[in-house]
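Asks:
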Ligand code: PEP
Ligand code: MN
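Residue numbers (full-length UniProt numbering): 1 to 457.
Below is the structure:
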């Protein structure tokens, strides 16, 4: 944990930055609200509501990410592409937590290092879209931009951006956080009781035996340590869990960006670990301007069209003092492009001696459409991108320190392949995502096992 004293040191606020300075920059992907007066009223209300996280937690996570940069930890970041207001339920939230805990158990066991657990939840309600509008049968309406902005149904009322949705998103995020915190504080994440995380259908999974063996071997290790020390291993009773989302809707993010009494600077207190999406990463754009001034650890999605020079200039803006734990790059190139696009970036950052945490998102570069009209991803491409990522980092003398995934604890059929070899026809059975296809429980666990196998070789 960071000490109080260290964080009481003044930090330099970047020159010319204010919590509203992004407003003077071109802002991609923001909706146009029809009623500016209503918008201001909503933002005023949001500014008066309590935050969702604290600066203490944010700085603790930053310390953990600094350790991941040094290879002492591995980052597991995952959750829905887009949370929805309807799916803010006990079952969905706890199932997602169960999968993430199971995956982290597999990773801790296989990698022999602590895992930093970060959910893509409690705020992942705003989505970038490839087009501002959508036309069906001659009717053109604004695109669906996530439940925080509008609704997915294709009618004018549903698609009109409604600022009140930001207040609802804040409330739903708070409910999600509250339930996750209560579960964890109540002992749900206790390593002595991995059976708490069982999902109904685990028993029938082709991966069940391998997972059970791992759980038993961890149980043995815990009991062994307890026998040696003569007491319970207390720090295994609970784990830390952090939240993240794409900080896309800047009016909302700025309303939750606050100064706190005991720490200098400005913190986004709506999440621990916000990231900049690929479509809003312009160096002179509003999003980079906003992120420049907050003290949270931050991440940037890095796509195949980014040049080494652009990346270095982005580091200059986002982490000019080379602070540990501050900056994470999440590369998402696609299985077909990573071998060509990633090495020059790794080389440039390494040559310049810049401190970043490299993380692989093997989902977003591997999206494709099927003949029967679904957006999907093939498990083989996801696995291939991840494996290549490990090899490319090893060859470049850099380190892959984490993984970023779209997943759910529900038994959906959205990505093809995996242990059950889901096909195009299977997608029709349980495709529920409103945006991108997610790994289901079994496919998620399989990714965790793949990482472990890859690292063991
Ligand atoms: C996402 O993470 O859902 C997303 C839109 O990613 P990217 O910005 O990498 O396309
Ligand atoms: Mn997505």
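Built from N, CA and C at the ideal position, the CB exists for glycine as well.
The structure presented is a predicted model; accordingly, all values stated were derived computationally and were not measured.
Please find out if some non-hydrogen atom of the ligand COA comes closer than 8 Å to the beta-carbon of residue 368.
Replies: For the structure depicted, the ligand COA is absent and the ligand set comprises only the ligand PEP and the ligand MN.
Asks: For residue 364, verify whether its CB is less than 8 Å away from any heavy atom of the ligand MN.
Replies: Under cutoff, so the answer is yes.
Asks: Would the C-beta of residue 16 count as close to the ligand MN, meaning under 8 Å from any of its heavy atoms?
Replies: Residue 16: no, Cβ never under 8 Å from the ligand MN.
Asks: Any idea what DSSP makes of residue 242, helix, strand or coil?
Replies: Note: residue 242 maps to strand in three-state DSSP.
Asks: What does the alpha-carbon distance come out to for the pair residue 455 and residue 206?
Replies: Taking the straight line joining both Cα atoms gives about 22 Å.
Asks: Please list, following the chain, all residues that have a C-beta closer than 5 Å to any non-hydrogen atom of the ligand MN.
Replies: Listed by chain position, these are 81, 436.
Asks: Assuming the contact rule is C-beta atoms closer than 8 Å, residue 400 and residue 413 should be a hit. Round their C-beta distance to whole Å, please.
Replies: With 8 Å as the limit, residue 400 and residue 413 do not qualify as a contact, their Cβ atoms being about 29 Å apart.
Asks: Going straight from the alpha carbon of residue 78 to that of residue 409, what length do you get?
Replies: Each residue's Cα considered, the two are about 11 Å apart.
Asks: Near residue 304, which residues of its chain fall below 6 Å by C-beta distance, leaving aside the five closest residues on each side in sequence?
Replies: Excluding positions up to five away in sequence, the list reads 333, 337, 341.
Asks: Could you tell me which residues DSSP puts in a beta bridge with residue 268?
Replies: Partner(s): 257.
Asks: Going by DSSP in three states, residue 358 sits in which element: helix, strand or coil?
Replies: Three-state DSSP puts residue 358 in a strand.
Asks: Would you kindly report the start and end of the unbroken beta strand (DSSP E) that includes residue 400?
Replies: Segment 400-406, the beta strand (DSSP E) holding residue 400.
Asks: On the CB-based measure, 16 or more other CB atoms within 10 Å of its CB, does residue 133 come out buried or exposed?
Replies: So residue 133 ends up on the exposed side.
Asks: Buried or exposed: where does residue 404 fall if 16 or more other Cβ atoms within 10 Å of its Cβ makes it buried?
Replies: It is buried - the Cβ of residue 404 has at least 16 other Cβ atoms within 10 Å.
Asks: CA-CA distance, residue 5 and residue 264?
Replies: Low per-residue confidence applies at residue 5: pLDDT is 41, beneath 50, and the placement is therefore not dependable, though the value from the model is reported in the following sentence. So the alpha carbons of these two residues sit roughly 11 Å apart.
Asks: By Cβ distance below 6 Å, which residues in the same chain neighbour residue 357 in space, the five residues on each side in sequence not counted?
Replies: Correct list, in chain order: 65, 68, 69, 328, 401.
Asks: In three-state DSSP terms, what is residue 446?
Replies: Correct three-state label for residue 446: helix.
Asks: I believe residue 353 touches residue 25 by the beta-carbon criterion, under 8 Å. Please report the beta-carbon distance rounded to the nearest angstrom.
Replies: Actually they are not in contact, since the Cβ atoms of residue 353 and residue 25 sit about 29 Å apart, beyond 8 Å.
Asks: Going by the beta-carbon positions, is the gap between residue 170 and residue 49 smaller than 9 Å?
Replies: The answer is yes: Cβ separation under 9 Å.
Asks: Kindly indicate which residue of 144, 148, 164 has the alpha-carbon position closest to the one of residue 155.
Replies: Nearest option by C-alpha distance: 144.
Asks: The alpha helix (DSSP H) that contains residue 98, what's its start and end?
Replies: Unbroken alpha helix (DSSP H) run through residue 98: 90-111.
Asks: Closer than 8 Å: is that where the CB of residue 334 sits relative to any heavy atom of the ligand PEP?
Replies: For the ligand PEP, not one heavy atom lies less than 8 Å from the Cβ of residue 334.
Asks: Pull up the distance between the alpha-carbon of residue 9 and that of residue 71, whole angstroms please.
Replies: Residue placement at residue 9 is flagged as unreliable, the pLDDT there being 49, under the threshold of 50; a coordinate-derived value is accordingly withheld.
Asks: Which residue from 434, 423, 407 puts its Cα closest to that of residue 99?
Replies: The option with the nearest alpha carbon to residue 99 is 407.
Asks: Suppose contacts are defined by Cβ-Cβ distances below 9 Å. Is residue 326 in contact with residue 350 by that definition?
Replies: No; because the gap between Cβ atoms is not below 9 Å, this pair is not in contact.
Asks: How about residue 432: is its Cβ closer than 8 Å to a heavy atom in the ligand PEP?
Replies: No.
Asks: Among 73, 87, 130, 122, which has the Cα closest to the Cα of residue 30?
Replies: Closest option to residue 30, Cα to Cα, is 130.
Asks: Thinking residue 121 and residue 243 are a contact (beta carbons under 8 Å), I'd like their distance in whole angstroms, please.
Replies: At roughly 6 Å, the Cβ-Cβ gap stays under 8 Å, so residue 121 and residue 243 are in contact.
Asks: Note down the Cα distance separating residue 191 from residue 219, rounded to an integer number of angstroms.
Replies: Using only the alpha carbons, I get a separation of about 8 Å.
Asks: Hey, residue 323 and residue 396 are a contact pair by Cβ (cut 8 Å); roughly how many whole angstroms apart?
Replies: Not confirmed; about 23 Å, so no contact.
Asks: Keeping to the same chain, check which residues put their C-beta closer than 6 Å to that of residue 365; ignore five residues upstream and five downstream.
Replies: Same-chain partners within the cutoff: 332, 333, 334.
Asks: Distance, Cα to Cα, residue 295 vs residue 73?
Replies: Distance between the alpha carbons of residue 295 and residue 73 is about 21 Å.
Asks: Decide if residue 139 is buried, meaning its Cβ has at least 16 other Cβ atoms within 10 Å, or exposed.
Replies: Residue 139 should be labelled exposed.
Asks: Closer than 8 Å to a non-hydrogen atom of the ligand PEP - does that hold for the CB of residue 330?
Replies: Yes.
Asks: Is the beta carbon of residue 293 closer than 9 Å to that of residue 17?
Replies: Cβ distance < 9 Å, so residue 17 and residue 293 count as in contact.
Asks: Just grab the DSSP bridge partners of residue 331 for me.
Replies: For residue 331, which the question treats as bridged, DSSP gives the partners 302, 360.
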